[in-house]
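Asker: Next up is a structure, given as structure tokens.
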Amino acid sequence: MPIVVLDALMPTEQRLILSRRGSTVWEVAGPRGHHAVKLGYPIEATGEWPAQPWTALAPAREGAVLHRIGSGEVAYGEWERGTWNFQPWHEGPDLYRIWEPCRRRGSSIAPHYSVALGCVEALAELHVRGWAHGDVQPAHFIIGPVRTHLIDLALARGGQVPESYDFPFRGCLVHYEAPEIARSVLDIGEAEPTQEADIYALGASLLISATGWRAVEYPDDAPRAVQRKAVANGRRRPVKAPGELGDLVDAMLSQAPEDRPTIYEVGKALS
Ligand SMILES: Nc1ncnc2c1ncn2[C@@H]1O[C@H](COP(=O)(O)OP(=O)(O)O)[C@@H](O)[C@H]1O
Ligand SMILES: [Mg+2]
Numbered sequence: 000m001p002i003v004v005l006d007a008l009m010p011t012e013q014r015l016i017l018s019r020r021g022s023t024v025w026e027v028a029g030p031r032g033h034h035a036v037k038l039g040y041p042i043e044a045t046g047e048w049p050a051q052p053w054t055a056l057a058p059a060r061e062g063a064v065l066h067r068i069g070s071g072e073v074a075y076g077e078w079e080r081g082t083w084n085f086q087p088w089h090e091g092p093d094l095y096r097i098w099e100p101c102r103r104r105g106s107s108i109a110p111h112y113s114v115a116l117g118c119v120e121a122l123a124e125l126h127v128r129g130w131a132h133g134d135v136q137p138a139h140f141i142i143g144p145v146r147t148h149l150i151d152l153a154l155a156r157g158g159q160v161p162e163s164y165d166f167p168f169r170g171c172l173v174h175y176e177a178p179e180i181a182r183s184v185l186d187i188g189e190a191e192p193t194q195e196a197d198i199y200a201l202g203a204s205l206l207i208s209a210t211g212w213r214a215v216e217y218p219d220d221a222p223r224a225v226q227r228k229a230v231a232n233g234r235r236r237p238v239k240a241p242g243e244l245g246d247l248v249d250a251m252l253s254q255a256p257e258d259r260p261t262i263y264e265v266g267k268a269l270s
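Below is the structure:
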């Protein structure tokens with residue numbers, strides 16, 4: 000962990016949460032409380048993928064976004080290999096994990112609307128401020144005891160971020176990518192995150208968490224571009240979320256962005 004972060008947080012306990020291409024996340028406890036520390040570094044090119052220098056910038060970009068939307072104690076800066084941030088730690092399971100019992104074979108456990116509503120409220124908080132998240136997925140909703148938190152704001156759009164930490168949006172996880180985003184990424188290599196695309200991603204997140212099924216059908220091992228093409232063509236799987244969630248999720252997954260409900264309408268339908 001960079002010395003500036005150690006100096007600022009003086010950890011008494013630290014746990015490595017995740018270390019993958021371009022990103023490392025720590026859970027840290029100390030005199031200043033409980034924080035998530037994120038470190039970014041560039042992804043070098045290999046035979047399988049091109050270099051991805053922007054992963055180095057992601058933590059600082061996220062730090063700037065969190066700062067803008069006034070999200071608790073946040074700091075960010077640079078280290079030898081890229082950028083870092085720390086932010087409040089949010090305790091709790093994510094959306095995918097909390098609905099695990101609903102996905103068990105033969106399960107009669109229905110997904111709790113209150114959980115869905117918590118996710119909606121977390122996304123609504125961002126939308127009402129004029130931001131789009133850009134990377135809505137089940138792992139990014141942390142279901143806390145008091146409220147649900149939407150994390151990983153590295154790709155969010157809606158306000159000023161420092162130019163030196165900014166980078167183009169090149170799509171998100173294909174399972175949650177709206178058709179118009181997939182199309183744009185296929186056409187020009189980038190896209191514009193929107194609130195309508197967030198709604199699609201929330202619909203896909205609720206669907207996969209409740210049923211285990213992706214919204215669109217494509218082979219797991221297909222190359223990314225082939226998966227994107229399937230999403231762009233909108234080959235929806237004939238799978239429905241249980242109960243009244245079903246029709247709502249279907250509407251959220253509409254092909255045309257203007258046919259999707261707003262986050263306010265989704266919240267109203269759920270409550
Ligand atoms: N503020 C936070 N509170 C709790 N857990 C977090 C927090 N930030 C990140 N995490 C954990 O680390 C994982 C990766 O964080 P994320 O912000 O999604 O980073 P990445 O940019 O690498 O996807 C999350 O899925 C979550 O488990
Ligand atoms: Mg993430």
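Residue 0 is where the sequence shown starts when you use numbering that gives the first Met the number 0, and the numbers rise one by one after that. Glycine is no exception: its CB is placed at the ideal position from the N, C-alpha and C atoms.
1. Three or more C-beta pairs closer than 8 Å, one from the region 142-150 and one from the region 46-57: is that the case here?
2. Could you tell me the boundaries of the beta strand (DSSP E) in which R19 lies?
3. Could you please give the first and the last residue of the uninterrupted alpha helix (DSSP H) stretch that includes S270?
4. How is S106 classed by DSSP in three states: helix, strand or coil?
5. Assuming contact is defined by CB atoms lying nearer than 8 Å, are T54 and Y75 in contact in what I supplied?
6. From which residue to which residue does the alpha helix (DSSP H) around Y112 run?
7. If you measure between the beta carbons of A209 and P110, is that distance less than 8 Å?
8. Quick one, are the C-beta atoms of A177 and A200 less than 8 Å apart?
9. Per DSSP, S22 is paired with what?
10. Could you name the residues of the same chain whose beta carbon sits closer than 7 Å to that of I141, not counting the 5 residues immediately before and after it, in chain order?
11. Looking at the strands, I want to know which residues DSSP matches up with T313.
12. For a quick check, are the C-beta atoms of V27 and P10 less than 8 Å apart?
13. Residues bridged to Y175 by DSSP?
14. As a quick exercise: from V64, W78 and G69, pick the residue whose alpha carbon is nearest that of I2.
15. Under 6 Å Cβ to Cβ from G158, same chain only, skipping five residues before and after it: list those, please.
16. In this structure, does DSSP put P52 in helix, strand or coil?
17. Check T82 in the structure and name its three-state DSSP category.
18. May I have the straight-line CA-CA distance separating G211 from L247, to the nearest angstrom?
19. Alpha carbons only, please: which of E264, V127, L17 and L185 is nearest the one belonging to A35?
20. Is A138 near ligand 2, judged by its Cβ being under 7 Å from some heavy atom?
21. Starting from E257, trace the alpha helix (DSSP H) both ways and give me its first and last residue.
22. Determine the closest residue to I97 out of N84, R104, S113 and W83, with distance taken between C-alpha atoms.
23. Does the distance between the C-beta of D93 and the nearest non-hydrogen atom of ligand 2 fall short of 7 Å?
24. Quick one: is G188 buried, meaning 16 or more other Cβ sit within 10 Å of its Cβ, or exposed?
25. Between the alpha carbons of S183 and R227, how many angstroms are there, rounded?
26. When DSSP labels each residue in this structure, what does G242 get in the three-state scheme?
27. Assuming L116 and L269 are in contact, meaning their beta carbons sit under 8 Å apart, how far apart are those beta carbons, in whole angstroms?
28. Report, in whole angstroms, the separation of the C-beta atoms of A255 and L206, which I expect to be a contact under 8 Å.
Answerer: The relevant details are as follows:
1. no
2. Walking along the sequence shown from the start, residue 19 turns up at place 20. Element bounds for R19: E12 to R19.
3. Translated into the one-based positions of the sequence shown, residue 270 becomes position 271. Run containing S270: none; DSSP gives neither H nor E here.
4. Looking up residue 106 in the sequence shown gives position 107. The answer is coil: DSSP assigns S106 none of H, G, I, E or B.
5. In the sequence shown, counting from the first residue as 1, residue 54 sits at position 55. In the sequence shown, counting from the first residue as 1, residue 75 sits at position 76. It is not a contact, given that the beta carbons lie outside the stated cut-off.
6. By one-based count along the sequence shown, residue 112 stands at place 113. Per DSSP, Y112 belongs to the alpha helix (DSSP H) from Y112 to V127.
7. Translated into the one-based positions of the sequence shown, residue 209 becomes position 210. Translated into the one-based positions of the sequence shown, residue 110 becomes position 111. In contact: A209 and P110 (Cβ atoms closer than 8 Å).
8. One-based indexing of the sequence shown puts residue 177 at position 178. One-based indexing of the sequence shown puts residue 200 at position 201. Yes. Within cutoff.
9. The count along the sequence shown starts at 1 and reaches residue 22 at position 23. R19 and G39.
10. Indexing the sequence shown from 1 puts residue 141 at position 142. Excluding positions up to five away in sequence, the list reads H89, G91, D93, T147, H148 and I150.
11. The structure shown does not extend to residue 313, since the chain is modelled only from 0 to 270, so the question has no answer here.
12. On the sequence shown, position 28 is the one that residue 27 refers to. On the sequence shown, position 11 is the one that residue 10 refers to. Yes, they are a contact pair.
13. The sequence position of residue 175 within the sequence shown is 176, counting from 1. Answer by DSSP bridge pairing: none, since Y175 is not bridged.
14. Position 3 of the sequence shown holds residue 2. Cα-wise, what sits closest to I2 is W78.
15. By 1-based counting over the sequence shown, the position of residue 158 is 159. Cβ within range, chain order: R67.
16. Along the sequence shown, one-based indexing puts residue 52 at 53. Three-state DSSP puts P52 in a helix.
17. Residue numbering aside, residue 82 sits at position 83 when the sequence shown is read from its first letter. T82 falls in the strand class under three-state DSSP.
18. Residue numbering aside, residue 211 sits at position 212 when the sequence shown is read from its first letter. Residue numbering aside, residue 247 sits at position 248 when the sequence shown is read from its first letter. Going by the C-alpha atoms only, they are around 17 Å apart.
19. The sequence position of residue 35 within the sequence shown is 36, counting from 1. The shortest Cα separation from A35 among E264, V127, L17 and L185 belongs to L17.
20. Position 139 of the sequence shown holds residue 138. Yes, since a heavy atom of ligand 2 falls inside the 7 Å radius drawn around the Cβ of A138.
21. Looking up residue 257 in the sequence shown gives position 258. Neither: E257 is in no alpha helix (DSSP H) and is coded neither H nor E.
22. Within the sequence shown, residue 97 is the residue found at index 98, counting from 1. Answer by Cα proximity: S113.
23. Within the sequence shown, the letter at position 94 stands for residue 93. No; taking the cut-off as 7 Å, the Cβ of D93 has no heavy atom of ligand 2 nearer than that.
24. For the purposes of this step, residue 188 is identified with residue 189 of the sequence shown, where counting begins at 1. Result: exposed.
25. On the sequence shown, residue 183 is found 184 positions in, with the first residue counted as 1. On the sequence shown, residue 227 is found 228 positions in, with the first residue counted as 1. Cα-Cα distance, rounded: 10 Å.
26. On the sequence shown, residue 242 is found 243 positions in, with the first residue counted as 1. The answer is coil: DSSP assigns G242 none of H, G, I, E or B.
27. Stepping through the sequence shown from its first residue, residue 116 is reached at position 117. Stepping through the sequence shown from its first residue, residue 269 is reached at position 270. Yes, they are in contact, since the Cβ atoms of L116 and L269 sit about 5 Å apart, within 8 Å.
28. Within the sequence shown, numbered from 1, the residue matching residue 255 stands at position 256. Within the sequence shown, numbered from 1, the residue matching residue 206 stands at position 207. Going by Cβ atoms, the distance from A255 to L206 rounds to 18 Å, so no, they are not a contact pair.
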